[in-house]
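As structure tokens, the structure follows; a few thoughts come after it.
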Amino acid sequence: MDSLIARAGAIQPLNKKRRISHAASKSSSKAKKSSSNSDHTLNTVASHTSIPKSLQDSRSLPEDGSSYKHIANKKLRTQLNRQAAQGARAKALLEDAEMLLMDEAGGLEAEGEMDRTWRVGQSDILQSAGQEAAKGRREYKLDGGPYRSRYTRNGRHLAIAGRMGHVSTFDWQTGTVHAELQLQETCRDITFLQDHSYFAVAQRKYVFIYDRDGVELHCLKGHIEPTRLEFLPYHWLLASVGNPGYLKYQDTSTGQLLVEHRTKLGACTTMTQNLHNAVIHLGHQNGCVTLWTPNLPHPAVQLLAHVGPVVSVSVDPSQGGRYMATAGRDGTVKVWDCRNWKGAVRDWQVRGGGDPELDWSARGYLSVASSGTVNIYNPPSIHTPFHVRSPPPLYMTHPIPHRPLTSVRFAPFQDILTVGHSAGLSSVLVPGSGEPNFDSREADPFENKKARSEREVKALLDKIQPDMITLDPEMVGNLAPVSKLTTEVTTVNGKPRTDIPYARLPRIDRLRVSGKLDETEENGAGEDDGEDEESKKHTKEEREKRKMRGKGKSMKRYLRKQRKNVIDPAAVTIRAKLEKQKEEKKRTAAAAAGDTGEKKKLSALDRFKRSK
Amino acid sequence: MRPGDPTPTSRNLNPLMHPFSRARERTRALNAVKMERMFAKPFVDSLEGHIDAVEVLCRRPGSLTAVASGSWDGGIILHNLSTRKPIAKIPQAHKGKASGLSFSPDGQRLLSCGVDRNVKLWAVGSDSTNTEVPFNVFPGKAAFNSIDHHRTEPLFATASNTVQIWDETKSAAISNLTFPTSTETITSVRFNMSESSVLASIGSDRTFTLYDIRTGKAERRVVMQMQSNALSWSPTFPTTILLASEDHNLYTFDIRHLEAPTQIYKAHVAAVMSCDWSPTGLEFVSGGWDRTVRIWQEGKGRAPEVYHTKRMQRVSSTIFTGDARFVLSGSDDGNVRIWKAKASDKLGVVTARERAAMEYRDSLKDRWRVDNEVDRVARTRHLPKSVHQTNKLKNTMLEARRVKDERRRKHTRAGENKPKPERKKLVIAEQV
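In structure tokens, the structure reads:
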């Protein structure tokens, strides 16, 4: 049969053929050539299945460094290699695409040695700025008490809420007012939901949700006396914290009150979110800053940041949420590294009194508003560690005569900082603070009605489940960390036993696997313990011979009675004592034998000793 | 910008501009795989007409729509799949069961055989007017079980108690092919598609035999643990053959190495009654006594696609259509059912954007296949209660057997009773 098929020139499976040619290539190139000639299938098919030369990627692959030579499975290895190549190519293309970005970030630069950027005032900037950019400088004169503001994610719409109950949302570029409400009660915070079509207001007693036209849609009675609101856009969660000290998450797509965390730290008036991992940062009255996720009933991180109350917290979006700035009522501002919480990276004291307000822009500019001035610092110096308690070099400053300054917000994709104060709001230009290039798949300032509604649907489809919020957003799609608990137990034969699942192991083995077994006794008194597995190997007479040798002593008996798996402090101390005694005995025996110099501590001069 | 222009977009690929990109992609993958399950409506139609169980199905070469089916009542129907109406009906083609059907290579003539010991040749081309009367009748000596036409020449092979080769123009068999020691009934016979003189047959004596009609001899025979019920040659790899076995499994063999199957396909919970390769050679369909139709990927021996309906009884024949998009099953309830080969496939016109979205979803599914939840959704199939229970019982039995073997091994001298690989268990003897 074989000869029959061979004679007829049967097509063989390609992989088989390849293996042959591969083996041949090792031996000699000549053989390789002949073998490839004989592979009719490959020859006939190859010319039709490859990409035309003009379309083939001629560039060599960038060196990725990841090699999968150690993987035995051929199929998997090929797949991994291909994936790595694809990843490398994508990375190269990504670098290529940066060229295509349309706009560049602006900024102030000092000309001379003695010149300072902070000497440049708003009037100078306005003169040199373009007409369109100059529109960002505005003064909203309103008398509803100190104001708080919030931009939509695309930076087009602004929501403002005055303490006395004046709430308004509008498109600040065209000046179209969407809603204007006089709520006649205290409003403490305002936030847009997924886009400008809904907004939530933290009012005297509850949180209320209004639609774009200002029609009250929902009264969220679960949120009592809210002080601060945050909306997590990718999870569709509205988080609120209030005077009772509860952090509450409301799912705005399903309407369900997802979870309420009792902070146990009293009334809370400071909240912010980390845009990159959706963790909520709360600042408390006792100086603590706590980080919360919906799936943990306790804070993921708790940190004593200030000696007095924390009045403002902000997270740097430009570094992937790596840095956090906090401000205390005592007027200190601290910058923290969120990867390790070992002390502040930098801290300084603001001038004058008042509660400093903080906000971090998309490109890492930090604004600090306190006691009548807004100071803006620029990136590298904010988080470079500095041992002196002095503020980083000032980038810009802007005086505002209406105290107190109650909120600062950078506008996304604009070089604008909006400061809320007792006489309304003022927008100032901060060159270089905004991200110049928007991505219209994420947030588009120029989107039309249809694009907005489509984005809403898409975002709902892509809604991330709230239990996926963790400190490390890259957790998704990574391999799970290796469990510390393994079921590999050494058996009598010394071979690991993998066939028995953990749950079916005997208790002693389970304890050993989980590292809870007290093994001191096994070392010390294990030999005369008849139940031990190892001693089962001993012959019967041997066992009988040493059956009662020294077993009757009260101490030994006491120790034997303490089972191996019970960690009794008394037994442990006694065992330690016995161990010590044994050691002592051994040492005296050694001293009696005569060698004493063995363990002598080496002196510094011993290094010059000639070795024998 | 003029009205009607596409909205200008701008991209910024900085990863900081796209927070949670991984988590969002995973959500998308999960949605994609859920959508796939939601749109998995594989059943297309059922073709009626037979008054007894459908025994055999056969597609017409060179046609995507014409399929012939033969039934236990002796009737043969030629179906048109696109209109879902019969092209021709031969109600009493055979007395008793019509056990085999095969088209001639040009698709103009249909050969049928039955247990009435006759092979009949029917003219079913477009110009043929009278399909009621057979074109030719070849009387045989024993009841026929299967028939297959040669790929190019006017020859055909029949399976009764022997394998016989017939010429269309001659009234008696031109040669008798038997393995010298074989005495049992041959249940199925198939010509190889590219090595067209090679012939394979399976018999009720648990054998699988290869013949060559040039030498006129049986070349090789394999005795297996259990009987096979159907066989099919791979259309792309001429040396690969697929056997549907009574032991609930399917096996692919490389006919150059008959000592062990190249792959075992395990999922059926009762005997597999039929199998057929897709014309692409990448997948195949099988139907079983457990009332399910399963679609397998070549080389992937588990977790096939599974189709079932409440009213479908034991499946005795399954075939792929010529375009590999549909699967046909003939079952004991007398219906021929049309299924999609890919359960969530969209029939009809697909726009370019839709196509792009589908491809994106497919790549997402592939990429996130390792995710637990995505995998679980993709894998889960609802099975009829009976099949589910049988599967559980089967697993229990297999597990018990395994445990028993293990214990037995533990209590024999070390190295004396080695575990045998599953693939090596199948073939009992190979005879040349």
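Each protein sequence line maps, in turn, to chains A and X. For the first sequence, the UniProt record's numbering gives the first residue as 1, with consecutive numbering after it. For the second sequence, the UniProt record's numbering gives the first residue as 1, with consecutive numbering after it. Note that CB positions come from ideal geometry on N, CA and C, so glycine has one too. Note that the structure is predicted; figures quoted are calculated from it, not measured.
Label residue i either buried or exposed according to how many other C-beta atoms from any shown protein chain fall within 10 Å of its C-beta, with 16 as the threshold for buried.
i         : result
X/Arg-353 : exposed
A/Ala-23  : Interpretation of A/Ala-23 is limited by its pLDDT of 40, a score under 50 that renders its predicted location unreliable; the figure taken from the coordinates is listed afterwards. Answer is exposed; the Cβ neighbour count stays below 16.
A/Pro-506 : exposed
X/His-257 : exposed
X/Asp-323 : exposed
X/Leu-155 : buried
A/Arg-409 : buried
X/Lys-410 : exposed
A/Ser-34  : The predicted position of A/Ser-34 is uncertain, since its pLDDT is 43 and thus under 50; a value taken from the coordinates is nonetheless stated next. Looking at its Cβ environment, which holds fewer than 16 other Cβ atoms inside 10 Å, A/Ser-34 is exposed.
A/Asp-96  : exposed
A/Gln-184 : exposed
X/Thr-187 : buried
A/Ser-554 : exposed
A/Arg-557 : exposed
A/Asn-286 : exposed
X/Phe-39  : exposed
In the DSSP assignment, find the alpha helix (DSSP H) that holds residue i and state where it starts and stops.
i         : result
X/Tyr-360 : 352-367
A/Gly-87  : 74-97
X/Asn-145 : Segment: none, X/Asn-145 is in no alpha helix (DSSP H) and carries neither H nor E.
X/Thr-65  : Unbroken run through X/Thr-65: none, as it is neither H nor E.
X/Asn-372 : 372-379
A/Glu-180 : Looking at the DSSP string, A/Glu-180 is not in any alpha helix (DSSP H); the run it does join, the beta strand (DSSP E), is 176-182.
A/Ala-576 : 569-593
A/Thr-406 : Run containing A/Thr-406: none in the alpha helix (DSSP H); it sits in the beta strand (DSSP E), 405-410.
A/Ser-128 : 122-128
A/Ala-134 : 131-134
Considering residue i, what are the terminal residues of the beta strand (DSSP E) in which it resides?
i         : result
A/His-383 : No beta strand (DSSP E) holds A/His-383; DSSP gives it neither H nor E.
A/Thr-332 : 332-337
X/Asp-254 : 249-254
A/Arg-507 : Unbroken run through A/Arg-507 is the alpha helix (DSSP H), 507-513; no beta strand (DSSP E).
A/Tyr-151 : 147-151
A/His-398 : 394-399
A/Lys-609 : Looking at the DSSP string, A/Lys-609 is not in any beta strand (DSSP E), and its letter there is neither H nor E.
Since residue i and residue j are thought to touch, with beta carbons under 8 Å apart, how far apart are those beta carbons, to the nearest angstrom?
i         : j         : result
A/Gln-273 : A/Glu-225 : About 20 Å; that fails the 8 Å criterion.
X/Glu-48  : X/Asn-229 : X/Glu-48 to X/Asn-229, Cβ: 25 Å. No contact.
A/Tyr-365 : A/Asn-375 : A/Tyr-365 to A/Asn-375, Cβ: 11 Å. No contact.
X/Leu-16  : A/Ser-318 : 7 Å
A/Arg-156 : A/Gln-173 : 6 Å
X/Asn-12  : A/Phe-438 : 7 Å
Helix, strand or coil, according to DSSP, for residue i in the structure here?
i         : result
A/Leu-358 : strand
A/Tyr-234 : coil
X/Asp-45  : strand
X/Arg-33  : The residue you asked about is not Arg; residue 33 of chain X is Val in the sequence shown. The answer is helix: DSSP assigns X/Val-33 an H, G or I state.
X/Trp-233 : strand
X/Glu-430 : strand
A/Asn-523 : For A/Asn-523, the predicted structure reports a pLDDT of 47, less than 50, and the residue's modelled location is therefore unreliable. The matter cannot be settled from this model.
X/Lys-89  : strand
A/Ile-376 : strand
A/Arg-456 : Arg is not the amino acid found at residue 456 of chain A; the sequence shown has Glu there. Note: A/Glu-456 maps to helix in three-state DSSP.
X/Asn-395 : helix
X/Pro-419 : coil
X/Lys-404 : helix
X/Ser-21  : helix
With a threshold of 7 Å (Cβ to nearest heavy atom), would residue i be considered close to the ligand GTP?
i         : result
X/Ile-264 : The ligand GTP is not part of the structure shown, which contains no ligands of any sort.
Query raised in the report: If you pair each beta-carbon of the stretch 379-399 of chain X with each one of the stretch 298-318 of chain X, do three or more pairs fall below 8 Å?
Result: With the cut-off at 8 Å, the stretch 379-399 of chain X and the stretch 298-318 of chain X touch.
Report task. Assess, as a yes-or-no matter, whether the stretch 293-313 of chain A is touched by the stretch 466-475 of chain A under the definition of 3 or more beta carbon pairs within less than 8 Å. Result -> Segment contact: the stretch 466-475 of chain A against the stretch 293-313 of chain A, three or more CB-CB distances shorter than 8 Å; contact assigned.
Query raised in the report: Touch check for the stretch 2-13 of chain X and the stretch 255-270 of chain A: three-plus C-beta pairs under 8 Å?
Result: Because the criterion of three Cβ pairs below 8 Å is not met, the stretch 2-13 of chain X and the stretch 255-270 of chain A do not touch.
Requested in this report: Count the C-beta pairs between the stretch 93-113 of chain X and the stretch 137-156 of chain X that are closer than 8 Å, then say yes if the count reaches three, no if not.
Outcome: Yes: the two stretches touch, three or more of their Cβ pairs being nearer than 8 Å.
Query raised in the report: Counting Cβ pairs, one atom from each stretch, are 3 or more of them under 8 Å apart for the stretch 64-71 of chain X and the stretch 359-374 of chain X?
Result: No: the two stretches stay apart, fewer than three of their Cβ pairs being nearer than 8 Å.
Query raised in the report: So does the stretch 171-183 of chain A actually touch the stretch 212-225 of chain A, counting three or more Cβ pairs closer than 8 Å?
Result: With a cut-off of 8 Å on Cβ pairs, the stretch 171-183 of chain A is in contact with the stretch 212-225 of chain A, counting three or more such pairs.
Report task. Check whether the stretch 325-334 of chain A touches the stretch 296-310 of chain A, taking contact to mean three or more Cβ pairs, one atom from each stretch, closer than 8 Å. Result -> The stretch 325-334 of chain A is in contact with the stretch 296-310 of chain A.
Requested in this report: Would you check if there are 3 or more beta carbon pairs closer than 8 Å linking the stretch 356-372 of chain A to the stretch 395-411 of chain A?
Outcome: Yes: the two stretches touch, three or more of their Cβ pairs being nearer than 8 Å.
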